[in-house]
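Shown next, in structure tokens, is the structure this report addresses.
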Amino acid sequence: MDIVLQQVLNAISLGGIYALLALGLAVVFSIVGLINFAHGELMTVAGYALFLGVLFAVPLPLALALAVAAAAGAAVLTERLAFRPMRRADATALLLTSFAVSAILRVLFQNGISARPKPVPLPPALSGTVDLGPVHLGAVPLASILVTLVSLILLTLFLKRTTMGRAMRAAAEDFQVLRLMGIRANRVVAVAFALSGALAGVSALLWVAQRGSVDPLMGFIPVLKAFVAAVIGGLGSLPGAVAGGFVLGITEVLFQAFLPEAALPFRDAFVLSVVIAILIWRPDGLIPAKSARRS
Amino acid sequence: MKRLGRLLSCSAAIALLGGAALAEDVTIGLATAQTGGLAFADQPSLAGFQMAIEEINAKGGLGGKYMVTLDIKDTRSDTGATVQAAQELVAAGVKVLITPCDADPSIAAGQISQAAQIPTLTFCGTTPTITDAVGDYMFGTYPADNGQAALLAEHAASKGYKSAYILKSPDSAYTLRLPEYFAEAFTAKGGTIAGEGTYGLGQQDFAAEVTKIAALDPQPDVIMTAAYEPDFPAFLKALRGAGVTAPVLGSDGIDSPTTTGLGEIANGIVHTTAGFAADGTPLGDFYKRFAEKTGAAPETVYVATGYEIPYILDAAVTAAGSMDGPALRDALANLEGVAVLTGKVTYKGTNRMPSRDITLVEIQNGARTPILTATPDPASVPAP
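Note that the protein sequences, when read in sequence, are chains H and V.
Letter 42 of the first sequence, counting from 1, is numbered 117 in my numbering, and no numbers are missing.
Letter 146 of the second sequence, counting from 1, is numbered 279 in my numbering, and no numbers are missing.
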């Protein structure tokens with residue numbers, strides 16, 4: 076029984092990170108219809124900012140905040156330099172632009188910083204264990220669960236209680252009408268990117284805390300997971316992204332935990348079969364976006 | 134008299150020209166990954182390689198007579214691009230080809246240079262089957278996976294460990310075969326395998342896997358893996374987080390500052406490396422020289438192993454007296470005890486994956502200490 080409970084906690088913790096990642100993609104997609112494959116590189120930016128913070132012995136809370144801010148800043152910058160000039164282009168052109176941004180950033184990291192991973196030593200407390208009755212939970216997975224919860228609450232408050240948040244929700248439903256209401260499109264889009272970058276930053280902190288280093292190609296796998304999660308959830312739907320993230324994380328951990336050893340190398344095939352099954356059952360995702368835009 | 138003078142000056146000029154002509158220009162082609170997923174190994178290897186070529190050219194060239202120019206192509210860590218680069222380099226008439234730090238692109242590029250009879254060396258490809266997969270012109274340079282595994286198994290046996298758990302990933306030959314070689318060598322020494330786990334490269338979440346290890350009863354005496362960044366740190370954190378205290382053995386992939394940056398949980402890790410840069414050793418001196426030249430100490434031992442390759446070539450060219458393909462191949466294959474930074478390299482009697490010194494280091498309190506440097510006993514090295 077303990078082992079099942081332990082694996083359930085493991086699943087929730089991984090699902091939380093995927094949910095944050097998928098939310099970051101969904102926030103931007105819901106407004107500009109762009110699947111930002113450079114989202115992973117925003118995580119890398121946060122990772123390098125954290126590396127610098129730790130290197131120059133900046134107090135940890137400040138270093139963490141700076142890392143999130145760096146990712147948000149980088150997101151706004153890529154929007155301004157790469158995506159805004161392409162605003163009127165079709166979805167495919169936007170998608171390709173995001174691949175280009177991603178490739179350029181990776182080469183810049185590789186040749187400008189180092190092709191080698193940079194260590195990010197975090198305090199030993201973050202490698203410790205918290206005992207919750209019969210189960211152990213590592214400090215990082217526990218932090219993942221808490222951080223995911225707090226981020227989701229803050230994001231919900233922002234979207235429901237602030238003018239900008241309402242404007243963003245309205246933009247997700249019908250951008251043209253929102254503009255007719257006199258809301259400035261550029262500002263809404265910039266805030267969406269900043270928010271997406273901040274989410275990338277937060278998930279990067281959890282990701283880096285787990286791996287202990289940052290390298291130029293770090294963002295590749297997380298953005299793939301986020302994409303899968305966002306598709307399961309329903310592209311452009313924020314509650315869908317969260318649901319998709321949890322479903323993906325839980326499916327992965329359960330297969331890893333309970334598949335027989337001989338089948339384990341095919342874990343991802345099993346996970347993706349579940350994804351396909353979900354999409355056959357609900358082609359628009361678990362919780363489709365209201366405007367039901369499909370890429 | 135005048136005519137004699139002209140004749141004399143003419144022959145003096147010919148003698149001079151003849152002297153100059155003795156130093157022949159040759160090109161070495163490098164189809165290596167300077168960007169992409171293999172750049173972490175190929176970039177530092179290239180830096181070392183270039184430094185050695187500069188030194189050798191300053192002394193008169195390979196074998197004292199071949200001045201080397203390098204033709205460097207970036208393969209972007211793509212096997213198709215590696216093949217294309219190899220084709221271009223072979224067509225351009227390079228005398229030696231250098232391939233990336235990985236089995237797949239090295240084997241693909243090797244097919245082309247093998248057909249053209251051009252000796253080919255992989256930067257730090259460790260898979261011992263690389264050479265036989267290509268043919269007699271393909272050479273490894275770095276400590277092979279089965280050699281590393283043999284030394285780790287020897288260490289495990291000497292520590293009295295009876296049972297081992299191995300964690301492997303089928304995603305690469307290195308992460309799959311090295312633990313399997315270890316299992317083979319360890320059971321040959323009387324050990325047993327308590328269990329095997331599997332992970333995906335870059336998976337990063339090890340909670341489910343370590344929960345299974347924590348549930349093993351009895352616990353294994355030792356855990357062995359060839360996982361490296363970012364998987365290894367994530368695995369170790371999860372493992373210690375789940376309360377597993379068994380010592381961990383690793384391979385040269387974790388010879389990076391990230392591992393020592395893990396703090397207390399890294400204490401007691403023993404892993405293999407191509408060399409440890411202690412003060413006063415040739416490797417330590419090289420690290421100092423490299424730092425003086427570039428302003429930064431090498432980030433990894435790959436710089437040193439890259440630097441060693443031109444010197445291995447130099448020994449072979451000296452023995453062959455030429456850079457003709459078949460002659461150079463034979464000379465390389467017969468090299469014995471060539472002194473390099475990290476010890477001695479021997480090809481004679483091997484399948485062209487060198488028999489060479491490997492160092493075991495132990496991590497304590499954020500620092501590594503060498504505990505053993507040895508060439509694995511060929512009898513205990515698992516067959517590739």
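For each residue, glycine too, the CB sits at the ideal point set by N, CA and C.
Just so you know, these numbers come straight off a predicted model, no measurement behind them.
With residue i and residue j assumed to form a contact (beta carbons below 8 Å), what rounded beta-carbon distance in angstroms separates them?
i: S271/H; j: V79/H; result: Not quite, the Cβ-Cβ distance comes to about 35 Å (not below 8 Å), so this is no contact.
i: T208/V; j: T202/V; result: About 19 Å; that fails the 8 Å criterion.
i: F339/V; j: F315/V; result: Not really, about 19 Å apart at Cβ, beyond 8 Å.
i: G122/H; j: A279/H; result: 5 Å
i: H404/V; j: D388/V; result: 7 Å
i: Q250/V; j: M271/V; result: Their Cβ separation, rounded to whole angstroms, is 12 Å, which puts Q250/V and M271/V out of contact at 8 Å.
i: G494/V; j: R485/V; result: According to the sequence as given, residue 494/V is Val; it is not Gly. At roughly 27 Å, the Cβ-Cβ gap does not stay under 8 Å, so V494/V and R485/V are not in contact.
i: S219/H; j: L281/H; result: 5 Å
Looking at C-alpha atoms only, which residue of the options is the closest neighbour of residue i?
i: V350/H; options: P340/H, A304/H, A218/H, S173/H; result: A304/H
i: Y92/V; options: K421/V, Y435/V, V471/V, G383/V; result: Outside the shown range of chain V, which is 134 to 517, sits residue 92/V, and nothing can be said about it.
i: M184/V; options: A472/V, N467/V, A437/V; result: A437/V
i: K206/V; options: E187/V, L230/V, K198/V, K192/V; result: L230/V
i: G386/V; options: F173/V, I346/V, L254/V; result: F173/V
i: T308/V; options: A411/V, K295/V, T260/V; result: T260/V
i: D359/H; options: G324/H, E327/H, S312/H, L339/H; result: S312/H
i: L163/V; options: G194/V, P252/V, A248/V; result: P252/V
i: L197/H; options: I263/V, L395/V, A347/V; result: L395/V
i: L224/H; options: V263/H, L299/H, F321/H; result: F321/H
i: G476/V; options: E287/V, I442/V, G213/V; result: I442/V
i: A410/V; options: F423/V, G401/V, I402/V; result: F423/V
i: A219/V; options: A516/V, A466/V, I161/V; result: I161/V
i: R191/H; options: A297/V, L382/V, G169/V; result: G169/V
i: A269/H; options: A147/H, P134/H, G108/H; result: A147/H
i: R373/V; options: D463/V, N400/V, T262/V, P177/V; result: N400/V
i: I87/H; options: A341/V, G428/V, P431/V, S513/V; result: A341/V
i: I398/V; options: A407/V, T427/V, G428/V, P366/V; result: P366/V
Beta-carbon of residue i versus every beta-carbon of chain H: anything under 8 Å?
i: P380/V; result: no
i: G374/V; result: yes
i: K481/V; result: no
i: Q176/V; result: yes
i: A348/V; result: yes
i: F173/V; result: yes
i: K426/V; result: no
i: L311/V; result: no
i: A464/V; result: no
i: E329/V; result: yes
i: T506/V; result: no
i: Q497/V; result: no
i: S389/V; result: yes
i: Q337/V; result: yes
i: L395/V; result: yes
i: K206/V; result: no
Per DSSP, residue i is paired with what?
i: M271/V; result: T253/V
i: G383/V; result: H404/V
i: A164/V; result: K206/V
i: V210/H; result: L207/H
i: D158/V; result: M200/V
i: Q497/V; result: A500/V
i: A472/V; result: K477/V
i: R489/V; result: V478/V
i: G328/V; result: Y298/V
i: A507/V; result: I491/V
i: L195/V; result: Y199/V
i: P194/H; result: S288/H
Measure from the C-beta of residue i to each C-beta in chain V and report whether the shortest distance is under 8 Å.
i: N261/H; result: no
i: E336/H; result: yes
i: L339/H; result: yes
i: V328/H; result: yes
i: I188/H; result: no
i: H211/H; result: yes
i: I414/H; result: With chain H covering only 76 through 370, there is no way to say anything about residue 414/H.
i: N111/H; result: no
i: T204/H; result: yes
i: V332/H; result: Val is not the amino acid found at residue 332/H; the sequence shown has Ala there. Output row for A332/H: interface = yes.
i: L89/H; result: yes
With a floor of 3 residues, list each beta strand (DSSP E) that falls wholly inside the segment 408–465 of chain V, ordered by position along the chain. none
Whole runs of the beta strand (DSSP E) within the segment 339–369 of chain V, excluding any shorter than 3 residues: 355–358
Taking only runs of the alpha helix (DSSP H) that begin and end inside the segment 257–332 of chain H, which ones reach a length of at least 4 residues, in chain order? 260–286, 295–308
In chain order, which continuous runs of the alpha helix (DSSP H) of length 4 or greater are located wholly inside the segment 220–253 of chain V? 236–248
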